[in-house]
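Chains as they are written, first to last, in the numbering used here: chain R, 4 to 190; chain A, 4 to 190.
2 protein chains.
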Amino acid sequence: MPREIAERGDAVAALAEVFREHGYSGSSLARITQQTGLGKGSLYHFFPDGKEEMAEAVLEEVDRWFSEHVFSPLLDPVAPGRGIERMFETVDRYFRSGERICLVGVFALGDSQSRFGARINRYFSTWTEALAAALKRTGLTDEQASETAEEVVVGIQGALVLARSRQDPKIFSRALRRLKRSIPVSE
Amino acid sequence: MPREIAERGDAVAALAEVFREHGYSGSSLARITQQTGLGKGSLYHFFPDGKEEMAEAVLEEVDRWFSEHVFSPLLDPVAPGRGIERMFETVDRYFRSGERICLVGVFALGDSQSRFGARINRYFSTWTEALAAALKRTGLTDEQASETAEEVVVGIQGALVLARSRQDPKIFSRALRRLKRSIPVSE
DNA sequence: TTGGTTGTGTACTGATCAGTACAGTATATA
DNA sequence: TATATACTGTACTGATCAGTACACAACCAA
């Protein structure tokens with residue numbers, strides 16, 4: 004029983020990398036089995052509904068991870084400034100300083116947008132709203148907070164697109180630096 | 004003979020919308036024929052090398068369009084400020100105020116990145132460099148100009164990702180407004 | 001060791017994939 | 001009207017697609 008859980012988790016992590024690299028429709032089952040090392044038997048055992056369930060599981064895991072490591076610190080009522088700082092650090096590490104792209108972004112621009120639209124929407128709105136809440140608690144007005152939060156999330160996504168496009172992770176690092184600077188210092 | 008050119012041009016325009024909506028691997032030939040109204044016979048007549056040539060033609064057309072309508076005005080030596088202004092107007096119109104996404108961005112995040120990497124890279128570097136050159140001529144230092152240009156292109160791409168993800172074009176309009184404000188006014 | 005559950009490899013299915021072949025139609029010039 | 005070229009519909013190919021069936025292996029508890 005514990006074995007199942009552990010291995011399904013490993014499968015999800017491996018699947019995430021496949022979908023991240025090739026998108027949803029670019030990830031054929033042949034490619035998935037090859038890149039994850041899992042045979043069809045195992046994959047359909049863990050995900051009886053097939054590819055769509057695999058993608059759902061991956062998105063769910065991304066959601067879960069960001070909730071725990073990014074959104075929760077932002078919603079910490081005592082230290083909003085510290086939560087924002089940690090968000091930048093965590094995001095930088097998660098995207099490997101620009102060498103990795105955002106799986107949710109990949110799904111958003113691909114044809115999978117129609118399939119997973121609700122989840123994609125929720126991911127970005129949760130992020131933006133959590134950041135806006137933190138900013139508001141540092142003393143910004145509602146409008147300033149929402150506007151700045153949107154600017155930051157937009158900037159991160161755009162930087163990932165350009166870093167990938169130009170094969171230059173430094174674009175991401177520079178963007179993070181600019182975005183940090185654009186936030187009124189407090190605490 | 005004039006007919007050929009006109010119809011191939013129409014084909015490219017129609018193809019662009021298919022690739023934009025569904026990405027490269029999400030655009031099956033069945034979907035392409037259906038959405039463009041062109042049969043396989045016509046498609047392979049215009050694009051003998053198939054789908055890859057269709058995508059190349061579309062990317063080429065995007066390049067050509069941006070060169071003419073965006074990069075050229077930026078490189079106009081007499082009125083850099085006016086060129087930047089026009090860039091924002093043109094970009095806003097081109098992306099239908101956030102209702103449309105960037106085809107090059109779609110290809111950059113999808114599995115087509117490996118296939119069309121060179122062209123994708125060139126598109127974004129040309130844009131960024133043209134904008135940086137214009138900014139420099141408004142009086143910014145080299146570094147300020149490059150940094151600001153990168154910020155703007157990153158912001159536009161990120162805004163398109165988020166507008167699409169959250170199905171809210173206003174995200175794009177707000178981003179454009181912020182980016183315009185971030186540019187030192189001159190002229 | 002036995003029995004049940006969990007996990008896996010393999011061989012298959014029908015559908016869809018990109019691409020080809022080619023006969024046939026439209027068109028434009030002469 | 002004749003004819004060459006541009007264009008298009010259709011029927012086909014073999015490869016690959018997602019998904020299924022199922023026998024078998026690994027494991028764990030009794």
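From the three backbone atoms N, C-alpha and C, an ideal C-beta is built for every residue, glycine too.
Predicted, not measured: the structure shown is a model, and the values here were computed from it.
Tell me the DSSP secondary structure of residue i in three-state form.
i, result
"A/GLY108", "helix"
"R/GLU190", "The predicted model places R/GLU190 with a pLDDT of 46, which falls under 50 and marks its position as unreliable, so this point remains unresolved."
"A/SER31", "coil"
"R/VAL15", "helix"
"R/PRO80", "coil"
"R/GLY120", "helix"
"R/GLU92", "helix"
"R/SER115", "coil"
"R/GLY40", "coil"
"R/GLU10", "helix"
"R/ARG103", "coil"
"R/THR141", "coil"
"A/GLY26", "coil"
"R/PHE98", "coil"
Below 8 angstroms on the Cβ atoms is my contact criterion, and I expect residue i with residue j to pass it. Report the Cβ-Cβ distance as a whole number of Å.
i, j, result
"A/SER185", "A/THR151", "7 angstroms"
"R/GLY84", "R/PRO76", "So it is not a contact: roughly 11 angstroms between Cβ atoms."
"R/ARG34", "A/GLN116", "Wrong, their Cβ atoms sit about 15 angstroms apart, outside the cutoff."
"R/GLU153", "A/ILE174", "6 angstroms"
"R/THR1", "R/VAL156", "Summary: the structure shown does not reach residue 1 of chain R, with chain R confined to residues 4 through 190, and so no result is reported for it."
"R/VAL61", "R/THR93", "That pair is no contact at about 19 angstroms."
"R/ARG118", "R/GLU63", "In fact, because the Cβ distance is near 14 angstroms, the residues do not count as touching under 8 angstroms."
"R/GLY26", "R/GLY113", "5 angstroms"
"A/ALA133", "A/LEU78", "6 angstroms"
"R/PHE98", "R/LEU163", "6 angstroms"
"A/GLY161", "R/GLN160", "4 angstroms"
"A/SER28", "R/GLY29", "4 angstroms"
"A/PHE49", "A/ARG11", "5 angstroms"
"A/ALA137", "A/SER149", "About 12 angstroms; that fails the 8 angstroms criterion."
Along the chain, where does the alpha helix (DSSP H) that runs through residue i open and close?
i, result
"R/ILE186", "Per DSSP, R/ILE186 belongs to no alpha helix (DSSP H) and is neither H nor E."
"R/SER149", "145-168"
"A/LEU46", "43-49"
"R/ARG67", "54-69"
Anything in the region 40-66 of chain R with a Cβ closer than 7 angstroms to a Cβ of chain A? List those residues in chain order, please.
none
Name the residues in the region 147-158 of chain R whose C-beta lies less than 8 angstroms from a C-beta of chain A; which are they?
-> Using a CB distance below 8 angstroms, the part of the region 147-158 of chain R facing chain A consists of GLU150, GLU153, GLU154, VAL156, VAL157, GLY158, ordered along the chain.
**Item:** Residues, ordered as in the chain, of the region 83-98 of chain A that lie near chain R by beta-carbon distance below 7 angstroms
**Value:** none
Q. Using Cβ-Cβ distances below 7 angstroms, what residues of the region 108-121 of chain A are close to chain R?
A. The region 108-121 of chain A vs chain R, Cβ under 7 angstroms: GLY108, VAL109, ALA111, LEU112, GLY113, ASP114, GLN116.
Can you pull out the residues from the region 161-175 of chain A whose beta carbon lies closer than 7 angstroms to at least one beta carbon of chain R? The region 161-175 of chain A vs chain R, Cβ under 7 angstroms: GLY161, ALA162, VAL164, LEU165, ARG167, SER168, ARG169, GLN170, ILE174.
Give, in chain order, every residue of the region 119-139 of chain R whose Cβ lies closer than 7 angstroms to some Cβ of chain A. ILE123, ASN124, PHE127, SER128
Notebook entry, point to check: Going along the chain, which residues of the region 10-26 of chain A sit with their C-beta nearer than 8 angstroms to a C-beta in chain R?
Noted result: GLU24, HIS25, GLY26
- Chain-ordered residues of the region 28-39 of chain A with a beta carbon less than 7 angstroms from chain R: SER28, GLY29
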